[in-house]
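Protein chains: 2
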Amino acid sequence: MHFSERIKALQASPIRRLIPYADSARAMGKKVYHLNIGQPDIKTPGEYFEAIRNFRVETIAYVASQGLPELREAISGYYHSWNIPYSPDEICVTNGGSEALSLAVQVICDPGDEILIPEPFYANYNAFAETALAHVVPIPTRAEEGFHLPPERVIEELITPRTRAILISNPNNPTGTVSTADELNTLAGLAKKYDLFLIADEVYREFTYPQSGLSGGDSEPFTSLGHLDDIRERVIMVDSISKRYSACGARIGCLAIKNADFIAQTLKLCQARLCVSTLEQVGAAALYQKTSAQYLADVNKEYRARRDTLYSALKEIDGVVCSKPRGAFYIMAGLPVDDSEKFIVWMLQNFDINGETMMGAPGSGFYSVPNRGRNEIRLAYVLKQEALVKAAAILKSAIAAYPGRLEAVRA
Amino acid sequence: MHFSERIKALQASPIRRLIPYADSARAMGKKVYHLNIGQPDIKTPGEYFEAIRNFRVETIAYVASQGLPELREAISGYYHSWNIPYSPDEICVTNGGSEALSLAVQVICDPGDEILIPEPFYANYNAFAETALAHVVPIPTRAEEGFHLPPERVIEELITPRTRAILISNPNNPTGTVSTADELNTLAGLAKKYDLFLIADEVYREFTYPQSGLSGGDSEPFTSLGHLDDIRERVIMVDSISKRYSACGARIGCLAIKNADFIAQTLKLCQARLCVSTLEQVGAAALYQKTSAQYLADVNKEYRARRDTLYSALKEIDGVVCSKPRGAFYIMAGLPVDDSEKFIVWMLQNFDINGETMMGAPGSGFYSVPNRGRNEIRLAYVLKQEALVKAAAILKSAIAAYPGRLEAVRA
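Those protein sequences? They're chains A and B, same order as listed.
Using our numbering, the letters of the first sequence map in sequence onto residues 1 to 411.
Using our numbering, the letters of the second sequence map in sequence onto residues 412 to 822.
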């Protein structure tokens, strides 16, 4: 039986492949605090359910491949509220941000082409690139520098004739880093100089927090790649309602670009898969049209409090190294263990406090360079503060009890 | 600005690219009978809407990448009712049959690999193959032979070391042909002899009709590739609720195979796109669990009557050549015109009877061999009989008035 080389080479998702261990732990009666996956416990706004319940048709028919006009109108209105001027014609509705990323890669990459991505990065970027036989070229970043970009010349040296794009997750999954306007301008300059696209994964756009103090202070306002005027036709915006409205299971995202040729090419792929779920588009349109600014403000406040709580708890654990993230809802922490994946499996199989254990995502899954991130763990602060405190306490005790504990984080 | 060679080479959907002409016709106040797309007017069973309205959660969360357990259970039960023994573990829920086809190609094909498909075929097969840089190799079939497969040696001669699979749409879109058990056994023999997969697109499984007489007669019972015992691990079943339950806009399909390695490989791709819409899976589970046998029987009866009506009407048009299809809801007809795509555009722009016109899908879109099918049109009998009669009358008058009319169908 012959499988393709491409599928054999593809790694299983490092986030999802540990799920069976969590299932076993639960089957043994343990409660597992899931900090391993970006699945928030925040309520989806009621407008989503209401719009779907009120949508009355007799036949649930195909809709336009590019997306329901009212949803594209609503998304356009949302972007304008951020001073990002996408018109409805410049937007394709997709099956989550995931499909938008796949489409972007297909439209710009042939086999052997390269996409530069700051490392660590969201593991599925690799899958989307490799499925299209393109390759991710990592731009190294360092925890000590808050995972910000290295100097321009370091990035420039990585650009080859096969480079097609630079992909930026901003705010960043898994590091929580928020790009500065200077960083984005550097990338814009490189994009123009080398005729590259910039793929902007901004699904956490609403999730930025000041570093300290209740009333802001040291944080500059969020800059989107969609704000930069002179490279608009090169910016492929990738977006999703999953985090913004806590609607991960709706699978509604979009790709947007001020480039009619790009949209026309993308539509060929959209037409092949016919359309995106009609009901989910109806629900998503209501979310964009009707969700109050207060909802988004409350969610932001909640995540900020969670970040502060988890960060403070982590700082109390001997040997744990991390910096305070400015956005998204992840902390990438260095642990004093031999291998964080082994450690996570060990916790699920062998450790609990009063029947409770916890789970993070192994850091190595966010690196393409072998052996990097082996002592790191990504923790998603998607649970209530009380649960985060408990999870951090479990982590602290587990590290102390773990046979593979090291004296300090291995560099 | 650099686009990939793969995207530049991809043709826009021949079915969907004429939609702007229909939009213009409607904007001019014309009514258009849409026989161009397989979008039925049949009601979606109420169980779908009811299950979605009754699904109460606060957060619409990610679900399992392979699909909701209750949906996979329900699909498994459905298959067992057809004596096709897929267990829930052997099923992956997909974004429509479209995604199932894409996954299948990715799992088995590297660039340059080949998939044999009887021609004419569903145009998007080409898109799914070409996106993965695999190629469709057409197996020629002839209208005069009811589009059945050519002799085994003709197929065997097309097999090369790069052949990975034979894909069969059964009942067939666009021809309405239903494969015989003998044909399927021939393919099974070739699959074993040459170590190939068989991709079975059986989304029209419920849509077979006897050739004549109200109580059946000359039709053998439907044979599925899933019925053949000794090649189970080679059969990739592709399915969808779109036609079965008239739920095209739900975008729920599946891939099923009795081959644990294949499922494991497929899951790597499923995990990269996280999951399929939660609500749509809830609705689909209700459709599989609760739709009455009577609903499916009534739908079958309705389509059969529509087939008879449209077929009879077409036989009355001078110069139109077609045979009576045994399944699905399409008729592939030869027209006495220079080019059916030009003819369709001409009808939309220049022809109407009392403000009404009609639309079919150009036949050439279903062929990969250049210039084949240029005089053919695919007509979907997805409208009520009264509408089909009107559409056929419009077609008849339009052919008579068309400047590019020929005396007979060009061979």
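Virtual Cβ for every residue (Gly too), placed ideally from N, Cα, C.
Going by beta-carbon coordinates alone, are residue i and residue j separated by less than 9 Å?
{"i": "residue 206 of chain A", "j": "residue 244 of chain A", "result": "yes"}
{"i": "residue 420 of chain B", "j": "residue 271 of chain A", "result": "no"}
{"i": "residue 525 of chain B", "j": "residue 574 of chain B", "result": "yes"}
{"i": "residue 323 of chain A", "j": "residue 374 of chain A", "result": "no"}
{"i": "residue 649 of chain B", "j": "residue 614 of chain B", "result": "yes"}
{"i": "residue 415 of chain B", "j": "residue 107 of chain A", "result": "yes"}
{"i": "residue 111 of chain A", "j": "residue 74 of chain A", "result": "no"}
{"i": "residue 704 of chain B", "j": "residue 459 of chain B", "result": "no"}
{"i": "residue 710 of chain B", "j": "residue 820 of chain B", "result": "no"}
{"i": "residue 100 of chain A", "j": "residue 255 of chain A", "result": "yes"}
{"i": "residue 38 of chain A", "j": "residue 311 of chain A", "result": "no"}
{"i": "residue 24 of chain A", "j": "residue 273 of chain A", "result": "no"}
{"i": "residue 702 of chain B", "j": "residue 42 of chain A", "result": "no"}
{"i": "residue 561 of chain B", "j": "residue 551 of chain B", "result": "yes"}
{"i": "residue 334 of chain A", "j": "residue 399 of chain A", "result": "no"}
{"i": "residue 515 of chain B", "j": "residue 426 of chain B", "result": "no"}
{"i": "residue 487 of chain B", "j": "residue 498 of chain B", "result": "yes"}
{"i": "residue 520 of chain B", "j": "residue 249 of chain A", "result": "no"}
{"i": "residue 169 of chain A", "j": "residue 201 of chain A", "result": "yes"}
{"i": "residue 804 of chain B", "j": "residue 482 of chain B", "result": "no"}
{"i": "residue 167 of chain A", "j": "residue 194 of chain A", "result": "no"}
{"i": "residue 384 of chain B", "j": "residue 798 of chain B", "result": "No information on residue 384 of chain B is available, as it lies outside the stretch 412 to 822 that chain B covers here."}
{"i": "residue 52 of chain A", "j": "residue 464 of chain B", "result": "yes"}
{"i": "residue 720 of chain B", "j": "residue 780 of chain B", "result": "no"}
Just grab the DSSP bridge partners of residue i for me.
{"i": "residue 753 of chain B", "result": "Note: residue 753 of chain B sits in no beta bridge, so no partner."}
{"i": "residue 459 of chain B", "result": "For residue 459 of chain B, which the question treats as bridged, DSSP gives no partner whatsoever."}
{"i": "residue 610 of chain B", "result": "B/578 and B/647"}
{"i": "residue 84 of chain A", "result": "Per DSSP, none; premise fails for residue 84 of chain A."}
{"i": "residue 784 of chain B", "result": "BP columns for residue 784 of chain B are empty, so no partner."}
{"i": "residue 327 of chain A", "result": "A/208"}
{"i": "residue 32 of chain A", "result": "A/357"}
{"i": "residue 745 of chain B", "result": "B/732 and B/787"}
{"i": "residue 681 of chain B", "result": "Beta-bridge pairing links residue 681 of chain B to no other residue."}
{"i": "residue 502 of chain B", "result": "B/667"}
{"i": "residue 244 of chain A", "result": "The partner list for residue 244 of chain A (beta bridge, DSSP) is empty, contrary to what the question assumes."}
{"i": "residue 405 of chain A", "result": "A/337"}
{"i": "residue 773 of chain B", "result": "B/788"}
Return the first residue and the last residue of the alpha helix (DSSP H) that residue i is part of.
{"i": "residue 182 of chain A", "result": "181-194"}
{"i": "residue 396 of chain A", "result": "385-401"}
{"i": "residue 536 of chain B", "result": "535-542"}
{"i": "residue 155 of chain A", "result": "152-158"}
{"i": "residue 727 of chain B", "result": "Looking at the DSSP string, residue 727 of chain B is not in any alpha helix (DSSP H), and its letter there is neither H nor E."}
{"i": "residue 473 of chain B", "result": "Unbroken run through residue 473 of chain B: none, as it is neither H nor E."}
{"i": "residue 283 of chain A", "result": "278-290"}
{"i": "residue 421 of chain A", "result": "No information on residue 421 of chain A is available, as it lies outside the stretch 1 to 411 that chain A covers here."}
{"i": "residue 111 of chain A", "result": "Counting along the chain, residue 111 of chain A falls outside any alpha helix (DSSP H), and DSSP gives it neither H nor E."}
{"i": "residue 24 of chain A", "result": "19-27"}
{"i": "residue 420 of chain B", "result": "416-420"}
Roughly how far, in whole angstroms, is the beta-carbon of residue i from the beta-carbon of residue j, given that I think they are within contact range, below 8 Å?
{"i": "residue 645 of chain B", "j": "residue 609 of chain B", "result": "6 Å"}
{"i": "residue 466 of chain B", "j": "residue 698 of chain B", "result": "Actually they do not touch by this definition, with Cβ atoms about 14 Å apart."}
{"i": "residue 358 of chain A", "j": "residue 347 of chain A", "result": "7 Å"}
{"i": "residue 451 of chain B", "j": "residue 777 of chain B", "result": "Residue 451 of chain B to residue 777 of chain B, Cβ: 19 Å. No contact."}
{"i": "residue 418 of chain B", "j": "residue 265 of chain A", "result": "5 Å"}
{"i": "residue 96 of chain A", "j": "residue 240 of chain A", "result": "6 Å"}
{"i": "residue 184 of chain A", "j": "residue 155 of chain A", "result": "Going by Cβ atoms, the distance from residue 184 of chain A to residue 155 of chain A rounds to 12 Å, so no, they are not a contact pair."}
{"i": "residue 152 of chain A", "j": "residue 186 of chain A", "result": "5 Å"}
{"i": "residue 790 of chain B", "j": "residue 771 of chain B", "result": "5 Å"}
{"i": "residue 747 of chain B", "j": "residue 817 of chain B", "result": "5 Å"}
{"i": "residue 413 of chain A", "j": "residue 147 of chain A", "result": "Any property of residue 413 of chain A remains undetermined from this structure, which presents chain A solely from 1 to 411."}
{"i": "residue 680 of chain B", "j": "residue 94 of chain A", "result": "Between residue 94 of chain A and residue 680 of chain B the Cβ distance is about 16 Å, and since that is not below 8 Å, they are no contact."}
In the DSSP assignment, the beta strand (DSSP E) including residue i goes from what residue to what residue?
{"i": "residue 511 of chain B", "result": "Element bounds for residue 511 of chain B: not the beta strand (DSSP E) but the alpha helix (DSSP H), 507-519."}
{"i": "residue 254 of chain A", "result": "252-256"}
{"i": "residue 117 of chain A", "result": "114-119"}
{"i": "residue 572 of chain B", "result": "Unbroken run through residue 572 of chain B: none, as it is neither H nor E."}
{"i": "residue 140 of chain A", "result": "135-140"}
Could you tell me whether the segment 220-232 of chain A touches the segment 175-191 of chain A, using the rule of 3 or more Cβ pairs below 8 Å?
-> yes
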